[in-house]
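Scroll down for the structure; my scribbles are underneath it.
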Amino acid sequence: MTDITTEKARIGAPSAQPFINGFTEEGENLSPVNTGTNTSTTSEQPSAGPLGGASAKSHSHGGGVGIPDSSRAGRLTSYRLADFKPLNGLEEDWRFTPLKRLRGLHTDVLNGAAPAVSVTAPAGVVVETVGRDDKRIGQAAIPEDLVSANAWENFAEATVVTVPAELQAESEVSVLITGAGEAPSAQHIVIVAERFSKAVVVLDHQGSAVVSENVEIIVEDGAELTVVSLQEWADNAVHASSQQAKIGRDAKFKHIVVSLGGDLVRVTPSTRFTAPGADVEMFGLYFADAGQHLEQRLFVDHAVANCKSRVLYKGALQGRNAHSVWVGDVLIRKEAEGTDTYEANRNLVLTDGARADSVPNLEIETGLIEGAGHASATGRFDDEHLFYLMARGIPEKVARRLVVRGFLNEIIQQIKVPAIEDRLTAAVERELAATDN
Amino acid sequence: MSTLEIKDLHVSIETEQGTKEILKGVSLTIKTGETHAIMGPNGSGKSTLASTIAGHPRYTVTSGTITLDGEDVLEMSVDERARAGVFLAMQYPVEVPGVTMTNFLRTAKTAIDGEAPALRTWTKDVKAAMQQLRIDADFAQRNVNEGFSGGEKKRVEILQLELFKPRFAILDETDSGLDVDALKVVSEGVNRAHEEGNMGTLLITHYTRILRYIKPDFVHVFVDGKVVEEGGPELADRLEDEGYDRYAPGAGVAVAPAVQA
Numbered sequence: 000m001t002d003i004t005t006e007k008a009r010i011g012a013p014s015a016q017p018f019i020n021g022f023t024e025e026g027e028n029l030s031p032v033n034t035g036t037n038t039s040t041t042s043e044q045p046s047a048g049p050l051g052g053a054s055a056k057s058h059s060h061g062g063g064v065g066i067p068d069s070s071r072a073g074r075l076t077s078y079r080l081a082d083f084k085p086l087n088g089l090e091e092d093w094r095f096t097p098l099k100r101l102r103g104l105h106t107d108v109l110n111g112a113a114p115a116v117s118v119t120a121p122a123g124v125v126v127e128t129v130g131r132d133d134k135r136i137g138q139a140a141i142p143e144d145l146v147s148a149n150a151w152e153n154f155a156e157a158t159v160v161t162v163p164a165e166l167q168a169e170s171e172v173s174v175l176i177t178g179a180g181e182a183p184s185a186q187h188i189v190i191v192a193e194r195f196s197k198a199v200v201v202l203d204h205q206g207s208a209v210v211s212e213n214v215e216i217i218v219e220d221g222a223e224l225t226v227v228s229l230q231e232w233a234d235n236a237v238h239a240s241s242q243q244a245k246i247g248r249d250a251k252f253k254h255i256v257v258s259l260g261g262d263l264v265r266v267t268p269s270t271r272f273t274a275p276g277a278d279v280e281m282f283g284l285y286f287a288d289a290g291q292h293l294e295q296r297l298f299v300d301h302a303v304a305n306c307k308s309r310v311l312y313k314g315a316l317q318g319r320n321a322h323s324v325w326v327g328d329v330l331i332r333k334e335a336e337g338t339d340t341y342e343a344n345r346n347l348v349l350t351d352g353a354r355a356d357s358v359p360n361l362e363i364e365t366g367l368i369e370g371a372g373h374a375s376a377t378g379r380f381d382d383e384h385l386f387y388l389m390a391r392g393i394p395e396k397v398a399r400r401l402v403v404r405g406f407l408n409e410i411i412q413q414i415k416v417p418a419i420e421d422r423l424t425a426a427v428e429r430e431l432a433a434t435d436n
Numbered sequence: 000m001s002t003l004e005i006k007d008l009h010v011s012i013e014t015e016q017g018t019k020e021i022l023k024g025v026s027l028t029i030k031t032g033e034t035h036a037i038m039g040p041n042g043s044g045k046s047t048l049a050s051t052i053a054g055h056p057r058y059t060v061t062s063g064t065i066t067l068d069g070e071d072v073l074e075m076s077v078d079e080r081a082r083a084g085v086f087l088a089m090q091y092p093v094e095v096p097g098v099t100m101t102n103f104l105r106t107a108k109t110a111i112d113g114e115a116p117a118l119r120t121w122t123k124d125v126k127a128a129m130q131q132l133r134i135d136a137d138f139a140q141r142n143v144n145e146g147f148s149g150g151e152k153k154r155v156e157i158l159q160l161e162l163f164k165p166r167f168a169i170l171d172e173t174d175s176g177l178d179v180d181a182l183k184v185v186s187e188g189v190n191r192a193h194e195e196g197n198m199g200t201l202l203i204t205h206y207t208r209i210l211r212y213i214k215p216d217f218v219h220v221f222v223d224g225k226v227v228e229e230g231g232p233e234l235a236d237r238l239e240d241e242g243y244d245r246y247a248p249g250a251g252v253a254v255a256p257a258v259q260a
C-alpha cells in the first residue's frame, strides 16, 4: 500500500514568481549555481589513506549486474575518495544542494582543525579517542558520497563511545561537538551499543565550523540505542554528516535529527538491518530560516526479513530563500520478507519565499511483506489561517506559535530527555520570535 | 444591552482590474437580543459585510463607520474585535495544521475571557456542547477543521459560538451546504446561544430555509452592495415565494411591470 498526499495551499493565488533563483514552483530546475562551474576541481586529490588503496576494507560496489542506476541499491560506496567523481550538482544525490555553499567540503583537503569533542557520560560508558587504525573504524559505515569519503580520508582521530554489554546507562551520553573555526575539516565518531545494553547518546553540534563528519553506529543484538543529533550551529556553519547505523538481531534503534542552526546542513542517516527482529525509528525536525539550507536524506535498508521501520520528519520554514530538502529512500530487498515500514514527511511553510522539497522513495523487491507506505505533505500557514485564529481572539504572535509548536512537538517529545526537550522547545520559540520583527 | 452600529459603510477590494466597490453605503443597527437576517442573491456583498465586520484584511473600508457601543470597531485589529465580543461563523472555515481542537478552543477562550477557563468545568462544557451538536468526541484530538466535512466544519463553528459566548454573532451562510438534519442541529445551537445570553445575531443567508428554524426579528434584502428593502419576518416569506428576481437591475422594486414602454 502506498499513499501519497500532497497538500497545497488552498487559499491565495499561487505566485508565479520563483522565490529561489533557479527554482520554479513546478519543481527543481537544476540550479545554475550547481551546473558547469565546478567540474574541474580535482587537481588536489589527497592520496589514499590507510583505509584506501590496498586496504582490505577498500571496496566499492554499485552499478552491479541487474541493479539499475536509479535504485538505491546501486549507489557507489567506497572508502576511497578517488572512486567518486567530482560533483557538478546534477547528480541525483546532490541536485538540491547548493555546492558553492559547501565551502570546499567537496573539493578541498579537509585538514582544518576538527571541532572539539567533549563527552559527558554516565558510569560504565567508555569514551576513547583513537587513531585511524583502530579496528572499530569502518565496522558500520562506508561512505556513500564524495563529501563523506573526503572526511574518511582526512580525519586525524576518532571518538569512540562504547556502551558495554548489558549496561543500562542511567543518563544520556552527551557528546558536545564545538566548531573550531572555518577551515574545512573532517570528523569521525563511533558509537557502539554492545549486546543488550541500553543508552541515549546526544551529538550536540555547536559553534562555527566547516566540517564533514562520519558517524558510525553499531547496535548489537538486543541493544536499545537512541542517537539524537542536534545541529544548533552558528549562522555561518557548513556541516555534512553521514550517520550510518548497523542494526543487530532484535535490536531497537531510534535516530533523531534536529537541524536548527547553520548556513548549510546536510545530514544523511542510513540504517542497515543485518539480522531479523530489529526495530528502527527515525525522526527529524528542522526549522529553516531565511537563506538557510537544511537537507536530510535518509536510507533504510531492509536487507533481512522481519524487521520494522518507522520514519517521520517534520519541518517548518520561514523567510526568503529558506530551503529544506527531505529525501527518504526505503529499500525492501528480495530477502526482506515480513518487512513492515512506513515513512512520512510533513512541512509547514510559514511565510512566502521559502521552499520545501520532499521526495519519498520506496523500492519494494518482494511482495511478501507486512506493509510498506510513504506519505508527504507540505502545507502553508498563510493569512487565512492567521485570520481564522485571530478572529477567535487569539493575538497574532500566539497564533503563530500555537501552530508551529503543535506541529513540531510531535518530534520533540520523542527525545525523552527532558533537558533536551526543554532546550529545543525554547529554541523553536526563539526561531518564532525572530519572525515577529 | 449592547449595540452594533454600521453607518453608511463603503467597502472595496483590489482586483486585477483595479479597485472594485462592493458595499455602497450600508447602514444597519443590531442590538443584543435581536436577530437580523440579511438575504440576497449571490454577489450582492453579504459575505463582504460579514468579513469586513470581522476585519478581514482583504477588504478596505473607504468610508462609513462600524461601532460597538460607540467604540470604533474599524480601529481594532481582528483579534481585538473578537475579544470585544464579535464572532464570525465563517462560510468556509479553514483547516489549521498542527493545532488540535482542544488546544485551539482553550487558547481562544483564554484570549477572549482574559484568563484561562477553570479546567474541570471547561472540559465538561466542551464535551456537553459537542454532544449537543452531535460532534464526535474524537474531533477534540484532531487538528482544527482538518479533514472535516463541510457540515462538520459548520457545526464546529457553532460549537465555538456556544463556548465563546459573544455579544454579536455573524453567521455567514452557515446554512449553505447543510442537509436538513445538520441544519436543525446547527439552528438549535444558535437558538441555545440566543436564549442563554444576551446575543445579537446577524444571519446572512441566500436561502429562506434556515429561517424556519431561526426566527428573525428583522429581514434586510441586500442587492448590489446596498440594503434595498427591510421588514419583519413576513418579508422572508415573500422572498420564499417570489425569489430575488424583482430586485434585478432594471426591474425596479415594487414597480408595476408596465413601466417598460
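Those protein sequences? They're chains Z and G, same order as listed.
For the first sequence, position 155 matches number 154 in numbering that gives the first Met the number 0, and the numbering has no gaps at all.
For the second sequence, position 185 matches number 184 in numbering that gives the first Met the number 0, and the numbering has no gaps at all.
All C-beta atoms in this analysis are idealised placements derived from N, C-alpha and C, irrespective of residue type, glycine included.
Given the structure is predicted, the values throughout are model-derived calculations rather than measurements.
What first and last residue would you give for the alpha helix (DSSP H) that runs through residue i?
i: G/Q159; result: G149 to F163
i: Z/T340; result: Segment D339 to V348 is the beta strand (DSSP E) holding Z/T340; no alpha helix (DSSP H) there.
i: G/E195; result: V179 to E195
i: G/P232; result: P232 to E241
i: G/W121; result: L118 to Q131
i: Z/A150; result: L145 to N153
i: G/F103; result: M100 to D112
i: Z/R404; result: E395 to I411
How big is the Cα-Cα spacing for residue i and residue j?
i: G/E228; j: G/E241; result: 14 Å
i: Z/V146; j: Z/G366; result: 35 Å
i: Z/I419; j: Z/K313; result: 18 Å
i: Z/A343; j: Z/T128; result: 37 Å
i: Z/Y341; j: Z/L224; result: 20 Å
i: Z/G52; j: Z/D381; result: Low local confidence applies: a pLDDT of 32 at Z/G52 is under 50, so the model's placement there is unreliable, with the coordinate-based value given in what follows. Going by the C-alpha atoms only, they are around 55 Å apart.
i: G/A117; j: G/A192; result: 20 Å
i: G/P96; j: G/E145; result: 7 Å
i: G/Y206; j: G/A49; result: 17 Å
i: G/V184; j: G/K153; result: 10 Å
i: Z/T158; j: Z/H204; result: 14 Å
i: G/K30; j: Z/R429; result: 44 Å
i: G/L22; j: G/L201; result: 17 Å
i: Z/P397; j: G/R80; result: Here residue 397 of chain Z turns out to be Val, not Pro, going by the sequence shown. If you take the alpha carbons of Z/V397 and G/R80, they lie about 16 Å apart.
i: Z/L101; j: G/E74; result: 50 Å
Would you kindly report the start and end of the unbroken beta strand (DSSP E) that includes residue i?
i: Z/E156; result: E156 to V162
i: Z/H384; result: Counting along the chain, Z/H384 falls outside any beta strand (DSSP E), though it belongs to the alpha helix (DSSP H) covering D382 to M389.
i: Z/R271; result: L263 to F272
i: G/I209; result: Unbroken run through G/I209: none, as it is neither H nor E.
i: Z/L202; result: K197 to G206
Starting from residue i, follow its DSSP beta bridges and name the residues at the other end.
i: Z/D356; result: Z/V324
i: Z/E219; result: According to DSSP, Z/E219 bridges with nothing at all.
i: Z/L316; result: Z/A287 and Z/V348
i: Z/R131; result: Z/R131 pairs with nothing; no bridge assigned.
i: Z/G260; result: Z/E231
i: G/L27; result: G/I5
i: Z/N213; result: Z/H187 and Z/S241
i: G/N142; result: G/T99
Rounded to whole angstroms, how far is the Cβ of residue i from the Cβ of residue j, which I believe are closer than 8 Å?
i: G/V222; j: G/A36; result: Contact doesn't hold; Cβ gap of about 15 Å is too wide.
i: Z/V209; j: Z/S184; result: 7 Å
i: Z/A353; j: Z/A287; result: 7 Å
i: G/T204; j: G/E172; result: 6 Å
i: G/V98; j: Z/L109; result: That pair is no contact at about 44 Å.
i: Z/A289; j: Z/G318; result: 3 Å
i: Z/R296; j: Z/T267; result: 5 Å
Check whether the Cβ atoms of residue i and residue j sit closer than 9 Å, and answer yes or no.
i: Z/V324; j: Z/E294; result: yes
i: G/Q131; j: G/G188; result: yes
i: Z/V124; j: Z/L175; result: no
i: Z/I188; j: Z/E212; result: yes
i: Z/R391; j: G/A127; result: no
i: Z/F272; j: Z/R71; result: no
i: Z/A250; j: Z/V172; result: no
i: G/E194; j: G/K164; result: no
i: G/G294; j: G/R166; result: Residue 294 of chain G lies beyond the residue range present for chain G, which begins at 0 and ends at 260; the question has no answer from this structure.
i: G/V220; j: G/L27; result: no
i: G/E261; j: G/M89; result: One cannot answer for residue 261 of chain G here, as it falls past the ends of chain G, which runs 0 to 260.
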